[in-house]
């Protein structure tokens, strides 16, 4: 069977299964906490949806024992005054993006996606992802060796990413960023760095890798997500330490290269975070109204190729 036909059929079947599963599963009680509505237009640029029973990647750091459904996520967006969102393929689902694609289609344009793909993915499959609303690929390299981006398969993939107007999202410790960012920038990619750049919790903004990330602002090709501070600092320090890091990132990148994300459902850190907490941390990080408008709406509208306004 033709590989592309087989993959597209798989996506269609996954969409049918997704609709059946979502329709019979009501929102979990308490999924939308007491609302803390963001002021003005807003886009959440980092969240995940999944359910138990999906095929999992053989190599994974985490196996969730709960569901994080599209229904729950959209309810949280509504409760907090967030117009649009971005779903990022969870690392534990590997390169099977069928559940992500089904969610994007079910959301009917309200969401964009970031997929995980192998370097030998067919061009037709990339186009199918783009049609569904995918706007980038993710390299989640925590605990993994760095890919050989100079190899022909990777170079071809990165060229396709650029042609589609996508970006490459990188999740990696700050200390390892100098080993991968030059190749991505040399390939002409737009690069999005996850979670403040993942500075060492013991060093914080003194991490040399974080200083390296600040210097990459001059390239004009890099964006940074202000998200998941609990992956970098102890929970009681998320507001203060996040504000210190955000101040330096704002100075280096300006609000035109920064975005906010909830990181819902806060995998492996559910005991430390909530959607409401994510919005409150943003309040602690950025005071200026114009900067908030850019970080919450203007910048992600452009990068993720949304149409219309973030309202």
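Numbering (our numbering), first residue to last: -11 to 299. C-beta atoms are modelled at their ideal positions from N, C-alpha and C, and glycine is treated no differently.
Between the Cα of residue 260 and those of 178, 242 and 220, spot the shortest distance and give me the residue it belongs to. Counting from one through the chain shown, the residue named residue 260 turns up at place 272. Its Cα nearest to that of residue 260, the residue 220 stands out among 178, 242 and 220.
Between 81, 140, 94 and 150, which has its C-alpha nearest residue 103's C-alpha? Here residue 103 refers to the residue found at position 115 of the chain shown. Each of 81, 140, 94 and 150 was checked against the Cα of residue 103, and the nearest Cα belongs to 81.
When 272, 190, 78 and 117 are compared against residue 161, the one with the closest alpha-carbon: Mapped onto the chain shown, residue 161 falls at position 173. Put simply, of 272, 190, 78 and 117 the residue whose alpha carbon is nearest the alpha carbon of residue 161 is 190.
Checking 8 Å against the spacing of the C-beta atoms, do residue 213 and residue 257 come in under that value? Counting from one through the chain shown, the residue named residue 213 turns up at place 225. Counting from one through the chain shown, the residue named residue 257 turns up at place 269. No, the pair does not count as a contact, with Cβ atoms beyond the cut-off.
From residue 173 to residue 143, what does the alpha carbon distance come to, in whole angstroms? What you label residue 173 is simply residue 185 of the chain shown in a count that begins at 1. What you label residue 143 is simply residue 155 of the chain shown in a count that begins at 1. Approximately 12 Å, taken between the alpha carbons.
Give every residue of the same chain whose Cβ lies closer than 7 Å to the Cβ of residue 72, excluding the five residues on either side of it in the sequence, and list them in chain order. Here residue 72 corresponds to residue number 84 of the chain shown, with the count starting at 1. When the five nearest sequence neighbours on each side are left out, the beta carbons in the same chain lying within less than 7 Å of the beta carbon of residue 72 are those of 31, 98, 99, 294 and 298, in order along the chain.
Going by DSSP, which residues form a beta bridge with residue 157? Taking the first residue of the chain shown as 1, we reach residue 157 at position 169. According to DSSP, residue 157 bridges with 126 and 180.
Residues near residue 168 by beta carbon distance below 6 Å, same chain, minus five either side: One-based indexing of the chain shown puts residue 168 at position 180. Here the set comprises 134.
Could you tell me if residue 123 is buried or exposed, where buried requires 16 or more neighbouring beta carbons within 10 angstroms of its beta carbon? Along the chain shown, one-based indexing puts residue 123 at 135. Buried, by the Cβ-count rule.
Please specify which runs of the beta strand (DSSP E), each continuous and at least 3 residues long, are wholly inside the stretch 22 to 87, giving them in chain order. Secondary structure within the stretch 22 to 87: the beta strand (DSSP E) runs of 3 or more consecutive residues, fully enclosed, are 31 to 35 and 72 to 76 (chain order).
Could you tell me which residues DSSP pairs with residue 101 in its beta bridges? As a working mapping, residue 101 is identified with position 113 in the chain shown. Paired residues: 75 and 122.
Can you give me the C-alpha to C-alpha distance between residue 91 and residue 35, rounded to a whole angstrom? The residue labelled residue 91 in the question sits at position 103 within the chain shown. The residue labelled residue 35 in the question sits at position 47 within the chain shown. Going by the C-alpha atoms only, they are around 12 Å apart.
CB of residue 76 within 8 Å of CB of residue 126, strictly: Reading the chain shown from its first residue, position 88 is the one you call residue 76. Reading the chain shown from its first residue, position 138 is the one you call residue 126. Cβ atoms of residue 76 and residue 126: closer than 8 Å.
Straight-line Cα distance separating residue 55 from residue 64: As a working note, residue 64 is residue 76 in the chain shown. As a working note, residue 55 is residue 67 in the chain shown. Distance between the alpha carbons of residue 64 and residue 55: 15 Å.
Taking its Cβ as the centre, do 16 or more other Cβ atoms sit within 10 Å of residue 79, making it buried, or is it exposed? For the purposes of this step, residue 79 is taken as residue 91 along the chain shown, with counting starting at 1. By the Cβ-count criterion, residue 79 is buried, with 16 or more other Cβ atoms from all chains shown falling within 10 Å of its own Cβ.
Using 8 Å as the threshold, is the C-beta distance between residue 130 and residue 159 below it? Mapped onto the chain shown, residue 130 falls at position 142. Mapped onto the chain shown, residue 159 falls at position 171. In this structure, residue 130 sits near residue 159, with a CB-CB distance shorter than 8 Å.
Who are the Cβ neighbours of residue 278 in its own chain at under 8 Å, not counting the five residues just before and after it? Taking the chain shown and counting its residues from 1, the one referred to as residue 278 is at position 290. The answer, listed in chain order, is 243.
Backbone CA spacing between residue 272 and residue 154 [nearest angstrom]: Position 284 of the chain shown, counted from the first residue, corresponds to residue 272. Position 166 of the chain shown, counted from the first residue, corresponds to residue 154. The C-alpha of residue 272 lies about 31 Å from the C-alpha of residue 154.
Where residue 145 falls: helix, strand or coil (DSSP): The sequence position of residue 145 within the chain shown is 157, counting from 1. For residue 145, the three-state secondary structure derived from DSSP is helix.
DSSP has residue 89 in a bridge; who is on the other side? Taking the chain shown and counting its residues from 1, the one referred to as residue 89 is at position 101. Its beta-bridge partners do not exist; DSSP assigns none.
Measure how close the beta-carbons of residue 179 and residue 209 come, nearest whole angstrom, since I'm counting them as under 8 Å. Residue 179 sits at position 191 when you count from the first residue of the chain shown. Residue 209 sits at position 221 when you count from the first residue of the chain shown. The distance from the Cβ of residue 179 to that of residue 209 is about 6 Å, consistent with a contact at the 8 Å cut-off.
Nonlocal neighbours in the same chain, by C-beta distance under 6 Å from residue 157, ignoring five residues either side: Counting from one through the chain shown, the residue named residue 157 turns up at place 169. Here residue 157 has 102, 124, 126 and 180 as same chain residues with Cβ atoms under 6 Å from its own Cβ, once five neighbours each way along the sequence are excluded.
Taking DSSP's pairing of strands, which residues face residue 247 in a bridge? Counting from one through the chain shown, the residue named residue 247 turns up at place 259. Here residue 247 is bridged, per DSSP, to 213.
Mind checking who residue 273 pairs with in its DSSP beta bridge? The sequence position of residue 273 within the chain shown is 285, counting from 1. Beta-bridge pairing by DSSP links residue 273 to no other residue.
Three-state secondary structure (DSSP) at residue 291? Sequence index remark: in the chain shown, residue 291 carries index 303 (1-based). Helix, per DSSP.
Give me whichever residues DSSP pairs with residue 252 in a beta bridge. In the chain shown, residue 252 corresponds to position 264, counting from 1. Residue 252 pairs with 35.
Assign residue 235 to buried or exposed, taking buried as 16 or more other Cβ atoms, counted over all protein chains shown, within 10 Å of its Cβ. Along the chain shown, read from residue 1 onward, the residue named residue 235 stands at position 247. Exposed is the call here.
Determine whether the beta carbon atoms of residue 284 and residue 252 lie at a separation below 8 Å. Translated into positions along the chain shown, residue 284 becomes position 296. Translated into positions along the chain shown, residue 252 becomes position 264. The answer is no: Cβ separation not under 8 Å.
Can you look up residue 203 in the DSSP assignment and give me helix, strand or coil? Counting from 1 along the chain shown, the entry for residue 203 is found at position 215. Here residue 203 sits in helix by DSSP.
Supposed contact pair residue 165 and residue 200 - C-beta distance, whole angstroms, cut 8 Å: Counting from one through the chain shown, the residue named residue 200 turns up at place 212. Counting from one through the chain shown, the residue named residue 165 turns up at place 177. Contact between residue 200 and residue 165 is confirmed by a C-beta separation of about 6 Å, below the 8 Å threshold.
Can you tell me which of 29, 115, 281 and 58 puts its alpha carbon nearest to the alpha carbon of residue 70? Counting from one through the chain shown, the residue named residue 70 turns up at place 82. For residue 70, the closest C-alpha among the options 29, 115, 281 and 58 is that of 29.
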